[in-house]
Amino acid sequence: MHQWKLRDNPAYDCGNAAQTIQHIMSGCPKRKFEGKMSDFFRLTSEALDWIATLDIRL
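Counting from 1, one number per residue, gives the positions in the sequence shown under full-length UniProt numbering.
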């Protein structure tokens, strides 16, 4: 978001230095997806629920 000038700084609300897709999906203590990457390819209910409830401002 910072690189597109939509935020003033790159810091992420969980305390990580930057908000990246990699961090959000697998490293974020608040939002990481507990399933497998293949769940997104198969559009499992878990993946769809995670996407639907993701609380990130874009």
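Built from N, CA and C at the ideal position, the CB exists for glycine as well.
Between which two residues does the alpha helix (DSSP H) harbouring residue i extend?
i: Glu46; result: 45 to 53
i: Arg42; result: 38 to 42
Please classify residue i: is it buried, with 16 or more other beta-carbons within 10 angstroms of its beta-carbon, or exposed?
i: Gln19; result: buried
In this structure, how does DSSP classify residue i when only helix, strand and coil are distinguished?
i: residue 123; result: Not covered by the structure: residue 123. The range shown for the chain is 1 to 58.
i: Ile24; result: helix
Could you give the C-beta distance for residue i and residue j, rounded to a whole number, given that I count them as a contact under 8 Å?
i: Lys32; j: Ser26; result: 6 Å
i: Lys36; j: Cys14; result: Incorrect: roughly 22 Å between the Cβ atoms, too far for contact.
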